[in-house]
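Before any comments, here is the structure.
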Amino acid sequence: MNKYLIYLNTKRCIGCHACEVHCKTNKRLPVGPILCEISHEPLKAVRGVPKTEYRFRSCYHCEDPYCVPVCPTGAMQKREDGIVFVDQERCIGCMACVGACPWAIPKHNPATNKVVKCDYCLDRVDAGLKPACVTRCTTHALKFVSLVEI
Amino acid sequence: MCTVRCPIRVETEGNEVTWIEGNSHLLGGALCAKGAAGTALLKDEERPLRPLIRKGGRGAGRWEEVSWYAALDYVADKLKKIIASHGPESIMLSCRGGPFVDLVKAFIHGLGSPNFTNHDSTCGRNVHHASLSLYGLGRKDFIYDIKNCKHLVLFGRNILASLRIAEANQVLDMLDAGGKLTYVDVRQTMTGIKANRFFQVRPGTDYALALGMIHEIIKEKGYDREFVDRHVADFDRLEEFVVPYSAEWAAKECGLRSERIKEFVAEVCAARPKVVFHPGWMLSRYRDSFYASRALHILNVLMGNIEVEGGQILPKGPGDCGIKGLRSFDAQIPKPTAKRADGVGWKYTHFDKGPGLFHLFYETMVTEDPYPVKGLICVRHDPFTCFPDPAAQKEALDKCDLLVSVDTHYSEFGWYADVILPESTYLERDSIIATQKGVKPRFIVRRKAVETEHDTKGLCEIIKQLADRMGIGHYFPYNTMEELWAWQLEPTGHRIEDFDAKGFVPLTDTPIMYDRDKLEGKFKTPSGKIEIISDTLSKAGLDSLKPYQSPEEPPKGQFRLVFGRSPIHAHGHTINNPLLHELMPENTLWINKRQAARLGVEEGDWMDVIGCGCTGVIKAHVTEFIHPEVVYMVHGFGRQVPLQTRAYHAGVGDQKLMRGLLQEMDPAGGGLCLCECFVSVRRSSKNPKRRVEL
């Protein structure tokens, strides 16, 4: 069962897209791959005030991910705690995982010619820290939550 | 990176930046996209990396790379020649402003010129002068305690997009705690979508709405009578003045329903004194923006919100904490005796002499009255992006013998200048120490995280080396940053090591508030009271309470051009940053849905925007939540520096369409009227339906 989730408090999100840059700079990604995305619906008037809500999407870290079995080298893996990640050593950049993912979430990194995706910044998580996007969110709207079975 | 200068903490490995985050003591790690993209700025080679001297004509883009010795010798030599023929006052220096200006101010004053200026006549001058005329205190002499207020009222202050991290969090904390937000604008914005109430007004009618609110508050006796009786002079003149400006009148003028204004007034009167009417930040917009801001300041007075939690608080400094302030470079220099070239202080007696008004120097360059201005040094300031009508600016600048740009990137002005002195980026340079006044004042400093890998220098070193060449090096008694900091800190008893723990030095642990019953003497007006009628304005032949005049409607087929900010970019100087460009490569033209339908324009279509003699091509963003009289774009785009391959001609620069507005100044506030620009728009023929090429 997945242990973690990134949750967006939409009341605090101001659509500044900083999380996208925090993610990229932490993973030292060049222009091209964007691993988490902020988006919103067009504005709609609600009681006289045009409103919209923001959404955050990185990777769903599926319970039974399509990207893992399709990987020919075993680079794409799912950890015990649910985090789906790419072992950069083993990845050959064949992009099979991109085709298998219903949302095409894994991205091609032109700097390494390999696949890169959201792994909740697992090196940080293992060090007891939070993912880069959560740690530096401009308005503390993103939360990294541990799920508890009830 | 950005002119807000939110405090950051940087981690490095070797000489590589690996992590940038907001200062944990002040921002809890929070950082915006601009702050995070600093790593891309470091790696970006599309910025000046060594000193450049112009080879071809101005703006031709032909440069000779030279050593710092050669560049500084060249600048010093030219400055000396100008001083020898026209006197030191014919040199002016403009700086982008902010907390670290003491050094550059000292440099220009040290040369013997009074002509220090900045960008503020396209920003907060109207707000500042309105504040001075009422309280005798400037706009920075108040802190808005947004976090603790019950109702925040913003007139076009898009506070969540014109991003200052601490302030944005305060707004959201206030909303989380059940506070109310009322937002007034000609279009819906990021801030407006968080609001409880949105007044979409006709452009240029902010003053009318504020007058209607004042009328209604006084009529309903909803104001703080005790505060007004005690601290306000000539209140009866205000009561008399607002009689014609009823809520019904304002509603009609602004295009609102009067019941909504009345509901609003009842709400704020019940919540006072914890109500903040933001008096505006960048309010160089309409012909009456000074009076609109003054009316907003008056609304705060009616709320009696001064020196109360959740209201406007007077900032405290080192003196309030029982310690001596920093030693100032500028304060030790004898005041230059010449009168200012922009006329501020002698021709315009109602303006604050501080930085004066940049745009008025252009007039002086042309007329040479009271004397010629022949040299301009711009420190991290790009007048061609900041002020309207670059073509008119160039005409004036062609009278100058020396234009110097000290900057981290190619500014449009820099591209036209004679010399570019490349400054190290904010991650590679140290700054002087500054005082940040507040409820909890502190000393702040910027310390470099990495060494520059190029031939750039920090400003402190550039100024020192130039000062030595100009024979005024003794005003800058330092050779290293350690010596500079020690000199500044000497009276305070602190040492630079004290900054290690938090990145700043707190001067108090507990917030300092003045006794609200003893506010007498805090207002620096001639009467010591809050003055509804300002003598300074009267002496200059100006109204303190100006009768309202309805704004011009756009000529048939035209739109009023308004502009604003995005949280992604800091004006013009981040457009070429690879990571920020990826997020927002160009701006769009917002247009009302009905108007777009009339023009046959759909979302994403190319549109021609035609000003007076200038044209731009830009993609349309069609929305019903913008007033039909206006079109809107984010400021800073349409850059024309060919070496910035990403930003070059991406989007449109609003200021380039503002032909003829360079000297359109609000006579009372000194701010330019940047929203008094009308443009024609049409669906561009750049939207082909078929292909005629092979």
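Chains as they are written, first to last, in this note's numbering: chain A, 315 to 464; chain B, 268 to 961. Idealized CB from N, CA, C, for every residue including glycine.
Item: For A815 of chain B, the three-state DSSP class (helix, strand or coil); Value: The displayed chain sequence assigns Tyr, not Ala, to residue 815 of chain B. If DSSP states are grouped into helix, strand and coil, Y815 of chain B belongs with coil.
Item: Where the beta strand (DSSP E) containing F458 of chain A begins and where it ends; Value: 456-460
Item: Identity of the residues DSSP links to R906 of chain B by a beta bridge; Value: B:Y915
Item: Rounded C-alpha distance that separates D735 of chain B from C727 of chain B; Value: 12 Å
Item: CB contact below 7 Å: R393 of chain A versus chain B; Value: no
Item: Neighbourhood of T387 of chain A by C-beta distance below 6 Å, restricted to the same chain and skipping five residues each side; Value: R404, I406
Item: CB of V271 of chain B within 7 Å of CB of T306 of chain B, strictly; Value: no
Item: CA-to-CA distance, F771 of chain B to G584 of chain B, given in whole angstroms; Value: 14 Å
Item: Simplified DSSP assignment, three categories, for L664 of chain B; Value: helix
Item: is_contact[Q455 of chain B, chain A] using C-beta, thresh 7 Å; Value: yes
Item: Of the listed residues A:Y374, A:T324, A:V363, nearest to S353 of chain A (C-alpha basis); Value: A:T324
Item: Where the beta strand (DSSP E) containing K461 of chain B begins and where it ends; Value: No beta strand (DSSP E) holds K461 of chain B; DSSP gives it neither H nor E.
Item: Cβ separation of S372 of chain A and L349 of chain A, assumed to be a contact under 8 Å, to the nearest whole Å; Value: 6 Å
Item: CB of I320 of chain B within 7 Å of CB of E312 of chain B, strictly; Value: no
Item: The segment 615-633 of chain B in contact with the segment 384-391 of chain B per 3-pair CB rule at 8 Å; Value: yes
Item: Limits of the unbroken alpha helix (DSSP H) element including Y558 of chain B; Value: 556-570
Item: Those runs of the beta strand (DSSP E) which lie wholly inside the segment 699-751 of chain B and span at least 3 residues; Value: 701-703, 709-711
Item: Cβ pair G938 of chain B, S556 of chain B closer than 7 Å; Value: yes
Item: I350 of chain B: first and last residue of the uninterrupted alpha helix (DSSP H) it sits in; Value: 335-353
Item: A538 of chain B CB to nearest heavy atom of the ligand GDP below 6 Å; Value: Although the ligand GDP was asked about, the structure shown includes no ligands whatsoever.
Item: Amino acids of chain B, ordered along the chain, whose beta-carbon sits closer than 8 Å to that of H422 of chain A; Value: Here the premise fails: no neighbours, minimum Cβ distance about 15 Å.
Item: Alpha-carbon to alpha-carbon, S817 of chain B and R497 of chain B; Value: 34 Å
Item: Min CB distance H336 of chain A to chain B below 7 Å; Value: yes
Item: Terminal residues of the beta strand (DSSP E) in which C645 of chain B lies; Value: 642-646
Item: Coil, strand or helix - V335 of chain A by DSSP; Value: helix
Item: Residues bridged to I797 of chain B [DSSP beta-bridge criterion]; Value: B:V499
Item: Among B:F494, B:Y745, B:C942, B:T279, the one whose alpha carbon lies nearest that of P821 of chain B; Value: B:C942
Item: A517 of chain B (DSSP reduced to helix, strand or coil); Value: helix
Item: Where M874 of chain B falls: helix, strand or coil (DSSP); Value: strand
Item: Nearest-angstrom Cα separation, counted from W873 of chain B out to R949 of chain B; Value: 9 Å
Item: 7 Å CB neighbourhood of E508 of chain B in its chain, flanking five on each side removed; Value: The sequence shown places Phe at residue 508 of chain B, not Glu. Closer than 7 Å at the Cβ level, and outside the excluded window around F508 of chain B, lie L812.
Item: Outcome for F655 of chain B when other beta-carbon atoms lying within 10 angstroms are tallied against a minimum of 16; Value: Inspection of the sequence shows that residue 655 of chain B is occupied by Pro rather than by Phe. P655 of chain B is buried by the Cβ-count criterion.
Item: Members of the segment 390-419 of chain A near chain B, C-beta cut-off 7 Å; Value: none
Item: Rounded separation between V543 of chain B and V495 of chain B - CA only; Value: 16 Å
Item: Proximity test, Cβ basis, 7 Å: L357 of chain A and chain B; Value: yes
Item: Range covered by the alpha helix (DSSP H) that runs through K301 of chain B; Value: 300-303
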